[in-house]
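Per the numbering used here, numbering of the sequence shown is gapless, rising by one per residue and ending at 412.
Cβ atoms here follow ideal geometry from the backbone N, Cα and C, with glycine treated the same way.
To keep things clear, I will list the structure first and then write my remarks on it.
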Amino acid sequence: MTDTPLRIGIAGLGTVGAATLGYLTGENARIAARAGRALRVDAVVARDRTKDRGVDMASLRWFDDPIAMASDEGVDLYVELMGGADGVAKASVEAALAAGKPVVTANKALLAHHGAALAELAERTPGASLHYEAAVAGGIPAVKALREGLAGNGVTRVSGILNGTCNYILTEMAGTGAAFGDVLAEAQRLGYAEADPTADVGGFDAAHKLAIMAAIAFGRRIDFDGVRIEGIESVAAEDIVAARDMGYVIRLLGVAERGAAGVSQRLRPCLTPAESPLGKIAGVTNAVMLEGDAVGATILTGPGAGGGPTASAVLADIVDVARGNTPPTFGVAAAALTPADDGANDADRGAFYLRVMLEDRPGTLAEVAAALGRSGISIHRMRQHDHADGAAPVTIVTHACDLAEIEAAKERIAALDVCTASPVSMRIVES
Ligand SMILES: NC(=O)c1ccc[n+]([C@@H]2O[C@H](COP(=O)([O-])OP(=O)(O)OC[C@H]3O[C@@H](n4cnc5c(N)ncnc54)[C@H](OP(=O)(O)O)[C@@H]3O)[C@@H](O)[C@H]2O)c1
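Shown next as structure tokens:
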């Protein structure tokens, strides 16, 4: 055990920062023993100095400026827990890396948007390194599992349930039959959803995590703009019921996989078998499924957010830094990361679920079947449901077809006089 302490500066003392500080002070001896080196929180920064953080901070140096703390000679390790893709989070991480320091961050937005440039800066600056276990699926050690545990595999696919708020909403909709808006309002009341829920229900938060995992899995430059993103706002109670009737549940799935057209990255609500590993994940729990040529499929589940679980991942990175364990940021040297594959998302073939709202009169189903036929799609199952207000939902499961064929069919169906609302489609993912 080295007695020279690792002097840590923590920027951000909110949900994650306060929990991290709490463990580093309350459980210091245990964590330092694992690290093989004394660990000392030396400095902190947040916006409001007067706020009670639940931890005695009398012996800590307080900074008002994160960049000044990141650059301070008394700080060996900069821990960024403020959040935000740009602004002071990015500037302070850059300052620490440029000063040759290791950085630990939980900031998925920062990594998703600037991960490639930050990795390059870390790798060309002696002493610098970038650690971000907490940025993917909170307490689940997904980054280490993928980058270290599966280092010998040719990874074929990474997928998962990467946003607890969305999974809670979808699980509640299925359990109660309530509409999306009502369940979202309840989730906000319980504190599971933010006042502005866009990042969660729009799929952006989960897409940040998917882009990070895809970069590691496939050795590519991180490409957040290349993720096809669709949130859960258009999932209706009728879809949940129709899915259940067929043995499926609806989950917001992130899937990045290597296909003939390259690596695709898609984040969208899908139907998946209720008894599949991802279908069984309920409530705020997250899950990450990693598939490789040597190992087959592995799955990790656990809490994807919250102070304790996220601090757990931050602490693991701090222990890595103390041990001198600094693997390449995305698993291979930044210069060896390959460019993104344009167009791979369009090469999407499989079975789709389709919901169409039709006027309740004879002959309408035949018109829909004809529109599907003209788009090259054959029907596996079709069902008309109870109707209200003169319009009846019709749900269809197709045989395998291309995404382009589904989009063409939706346009044709929307143009029919008998169609009363825009058709909704979701991919069916069997594993
Ligand atoms: N919460 C989770 O469950 C979770 C899970 C995984 C990853 N993360 C990531 O962890 C990071 C932190 O999340 P959080 O939930 O802990 O956020 P939070 O509760 O909102 O805390 C943010 C902290 O940053 C400080 N801060 C913000 N802007 C600052 C500035 N300009 N200068 C100095 N301090 C500033 C705030 O200071 P004041 O307290 O004084 O306002 C606060 O202490 C984010 O990147 C987030 O995406 C969070």
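| query | Taking 7 Å as the cut-off, is the CB of T(-4) close to at least one heavy atom of ligand 1? | reply | As a working note, residue -4 is residue 15 in the sequence shown. Yes, ligand 1 has a heavy atom inside 7 Å of this Cβ.
| field | Test item: CB-CB of G285 and A118 under 8 Å | value | Within the sequence shown, the letter at position 304 stands for residue 285. Within the sequence shown, the letter at position 137 stands for residue 118. Taking 8 Å as the Cβ cut-off, G285 and A118 qualify as a contacting pair.
| query | CB-CB under 8 Å to V125, same chain, minus the five flanking residues each way: which ones, in chain order? | reply | Taking the sequence shown and counting its residues from 1, one reaches residue 125 at position 144. The residue you asked about is not Val; residue 125 is Lys in the sequence shown. Excluding residues within five positions, the ones whose Cβ falls inside 8 Å are E114 and A297.
| query | Do I203 and M154 come within 8 Å of each other at the CB atom, strictly closer than that value? | reply | Start at 1 with the first residue of the sequence shown, and residue 154 comes out as number 173. Start at 1 with the first residue of the sequence shown, and residue 203 comes out as number 222. No, these two residues do not count as a Cβ contact at 8 Å.
| What is the DSSP secondary structure of F333, counted as helix, strand or coil? | Here the question's residue 333 lines up with position 352 in the sequence shown. Residue state, collapsed to three classes: strand.
| So, using beta-carbon positions, are R336 and A224 closer together than 8 Å? | The residue you call residue 336 lines up with position 355 of the sequence shown. The residue you call residue 224 lines up with position 243 of the sequence shown. Result no, Cβ atoms of R336 and A224 do not sit closer than 8 Å.
| said: Please report the straight-line C-alpha distance between T376 and A180, rounded to a whole angstrom. | reply: Position 395 of the sequence shown holds residue 376. Position 199 of the sequence shown holds residue 180. Going by the C-alpha atoms only, they are around 29 Å apart.
| Which term fits M270, buried or exposed, when burial requires 16 or more other beta carbons within 10 angstroms of its beta carbon? | Indexing the sequence shown from 1 puts residue 270 at position 289. Buried is the call here.
| field | Pairwise C-alpha distance: P343 and G228 | value | Working through the sequence shown from its first residue, we reach residue 228 at position 247. Working through the sequence shown from its first residue, we reach residue 343 at position 362. If you take the alpha carbons of G228 and P343, they lie about 29 Å apart.
| task | Give every residue of the same chain whose Cβ lies closer than 7 Å to the Cβ of G158, excluding the five residues on either side of it in the sequence, and list them in chain order. | result | Position 177 of the sequence shown holds residue 158. Result list for G158: A218, in chain order.
| task | Buried or exposed for P47, please, with buried defined as at least 16 other CB atoms from any protein chain shown within 10 angstroms of its CB. | result | The count along the sequence shown starts at 1 and reaches residue 47 at position 66. So P47 counts as buried.
| In its own chain, which residues sit with a C-beta less than 6 Å from the C-beta of G312, not counting the 5 before and 5 after it? | Taking the sequence shown and counting its residues from 1, one reaches residue 312 at position 331. Within the same chain, G312 has close Cβ partners R128 and I197.
| field | DSSP-derived helix/strand/coil call for G(-10) | value | Residue numbering aside, residue -10 sits at position 9 when the sequence shown is read from its first letter. Here G(-10) sits in strand by DSSP.
| What are the start and end residues of the alpha helix (DSSP H) that includes M270? | On the sequence shown, residue 270 is found 289 positions in, with the first residue counted as 1. Run containing M270: none in the alpha helix (DSSP H); it sits in the beta strand (DSSP E), T266 to G273.
| Given 8 Å as the limit, is there contact between the region 77 to 96 and the region 45 to 64, that is, 3 or more CB pairs closer than that? | yes
| task | Put M50 into one of helix, strand or coil per three-state DSSP. | result | Position 69 of the sequence shown, counted from the first residue, corresponds to residue 50. Helix, per DSSP.
| said: So the candidates are A174, A187, V405 and A303; which of them puts its Cα closest to the Cα of R209? | reply: In the sequence shown, counting from the first residue as 1, residue 209 sits at position 228. Ranking the options by Cα distance to R209, first place goes to A187.
| field | Inter-residue Cα distance where the pair is A314 and V405 | value | On the sequence shown, residue 314 is found 333 positions in, with the first residue counted as 1. On the sequence shown, residue 405 is found 424 positions in, with the first residue counted as 1. If I take the Cα positions, the gap works out to 42 Å.
| task | Determine the DSSP secondary structure at Y229, reduced to helix, strand or coil. | result | Locating residue 229 in the sequence shown gives position 248, where the first residue counts as 1. In the structure shown, Y229 sits in a strand (DSSP, three-state: E or B).
| task | Find the nearest neighbour of G135 within the set G273, M50, L248 and W43, judged by alpha-carbon distance. | result | To locate residue 135, count along the sequence shown from 1; it is residue 154. Per the Cα distances, G273.
| query | How is S73 classed by DSSP in three states: helix, strand or coil? | reply | Taking the first residue of the sequence shown as position 1, residue 73 is located at position 92. In the structure shown, S73 sits in a helix (DSSP, three-state: H, G or I).
| message | How far does the alpha helix (DSSP H) with G3 in it extend, from its first residue to its last? | response | Within the sequence shown, numbered from 1, the residue matching residue 3 stands at position 22. From DSSP, the alpha helix (DSSP H) with G3 extends over T(-4) to G7.
| message | Pop quiz: L109 and L78 are said to be a contact at Cβ under 8 Å. What is the actual Cβ separation, rounded to whole angstroms? | response | In the sequence shown, residue 109 corresponds to position 128, counting from 1. In the sequence shown, residue 78 corresponds to position 97, counting from 1. Looking at the sequence itself, residue 109 is Ala, so the reference to Leu does not match. Confirmed, Cβ separation roughly 4 Å.
| I387 lies in the alpha helix (DSSP H); which residues open and close that run? | Here residue 387 corresponds to residue number 406 of the sequence shown, with the count starting at 1. Element bounds for I387: L384 to A395.
| task | May I ask whether a heavy atom of ligand 1 can be found less than 7 Å away from the beta carbon of D298? | result | For the purposes of this step, residue 298 is identified with residue 317 of the sequence shown, where counting begins at 1. No, since every heavy atom of ligand 1 falls outside the 7 Å radius drawn around the Cβ of D298.
| message | Does the beta-carbon of T291, which I'm using as the reference point, lie nearer than 7 Å to any heavy atom of ligand 1? | response | The residue given as residue 291 occupies position 310 in the sequence shown. The answer is yes for T291.
| task | Go through the region 59 to 147 residue by residue and report every complete run of the beta strand (DSSP E) that reaches 3 residues or more, in order. | result | 83 to 86, 110 to 112 and 136 to 142
| message | Mapping the DSSP letters down to three states, classify R415 as helix, strand or coil. | response | Since the first residue of the chain shown is -18 and the last is 412, residue 415 is not available in this structure.
| request: Report yes if the C-beta distance between A97 and A76 is below 8 Å; otherwise report no. | output: Looking up residue 97 in the sequence shown gives position 116. Looking up residue 76 in the sequence shown gives position 95. Contact: no.
| How long is the line joining the alpha carbons of G183 and F161, rounded to whole angstroms? | Walking along the sequence shown from the start, residue 183 turns up at place 202. Walking along the sequence shown from the start, residue 161 turns up at place 180. Each residue's alpha carbon lies about 13 Å from the other.
| Integer Cβ distance of D301 from H112, believed to fall under 8 Å | Counting from one through the sequence shown, the residue named residue 301 turns up at place 320. Counting from one through the sequence shown, the residue named residue 112 turns up at place 131. About 6 Å separates the two Cβ atoms, so the contact holds.
| field | Residues that DSSP places opposite R11 in a beta bridge | value | Along the sequence shown, one-based indexing puts residue 11 at 30. In DSSP, R11 forms no bridge with anything.
| field | Nearest to M418 (by Cα), restricted to the options V230, P122, E214 and I150 | value | There is simply no residue 418 to check, as the chain begins at -18 and stops at 412 in what is shown.
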